[in-house]
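Enquirer: Quick one: the structure is below, and I'll ask about it shortly.
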Amino acid sequence: MIRKTIITSFIILSAITTNNTFAEESKSHYVKPTIHHQEYGNLKVVVPLTTDNPKIQGMKLRNIENAIKATKEWKGHLKTVVILYAKGVTLLDHPNDDIKTKIEALKKEDVQFEVCNNSLKEQGRDYHDLYDVKESDIVPSGFAEVVYLQQKEHYVVNPIN
């Protein structure tokens, strides 16, 4: 009985030690690679935004910020149009200061925010109540605008749905 208890204890201790070792080995730190890439040049993208989930909205804005930074770093320019339709319109409905700051910074980097008129109508919203939206920012249909811009050589990028 004592031998069985000792063996069981040894097996459990080995498993715990092994798991800790694997956990420590799997942790790594970022190592900056040497990247060889052609210059980006001029890029045009359209980013549909259709969710009212603030985390996803924030991640999409962060994706755009990161893309702008990388494009500049690789001697390019990124022209971005964010199309807000369906629940995506909520991004501009009384945003917090952090989101306002991001929107203002993105606009300075040649990012346009366009709002779907169909969504405004369906949701009973007045565009004057949305953050920094002018009448010229309203498009007839968000979905159709995505297709229209794609035909005008904008690539549709939909990171994180």
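Those letters in the sequence shown? Residues 1086 to 1246, by our numbering. Where is the CB? At the ideal position from N, CA and C, for every residue including glycine.
1. Between which two residues does the alpha helix (DSSP H) harbouring Asn1151 extend?
2. How big is the Cα-Cα spacing for Val1231 and Gly1161?
3. Between Pro1225 and the rest of its own chain, which residues show a CB-CB distance below 6 angstroms, the 5 nearest in sequence each way excluded?
4. Given that a residue counts as buried once 16 or more other Cβ atoms are within 10 Å of its Cβ, and exposed if not, what is Gln1142?
5. Cα separation between Leu1205 and His1179?
6. So what's Val1242 in DSSP terms, helix, strand or just coil?
7. What is the residue span of the beta strand (DSSP E) that Thr1165 lies within?
8. How big is the Cα-Cα spacing for Glu1194 and Trp1159?
9. What is the C-beta distance between Tyr1240 and Val1167, in whole angstroms, given that I count them as a contact (C-beta under 8 angstroms)?
10. Report the rounded CA-to-CA distance for Glu1124 versus Ser1221, giving the unit in angstroms.
11. Would you list the one or two residues that DSSP bridges to Leu1134?
Expert: Put simply:
1. Start and end: 1139 to 1158.
2. C-alpha separation (whole angstroms): 23 angstroms.
3. Closer than 6 angstroms at the Cβ level, and outside the excluded window around Pro1225, lie Asn1202.
4. Gln1142 comes out buried.
5. Distance from the CA atom of Leu1205 to the CA atom of His1179, rounded to whole angstroms, is 15 angstroms.
6. Here Val1242 sits in coil by DSSP.
7. 1161 to 1169 is the extent of the beta strand (DSSP E) around Thr1165.
8. Distance between the alpha carbons of Glu1194 and Trp1159: 16 angstroms.
9. Not really, about 14 angstroms apart at Cβ, beyond 8 angstroms.
10. Approximately 33 angstroms between the Cα atoms of the pair.
11. DSSP lists Leu1169 as partners of Leu1134.
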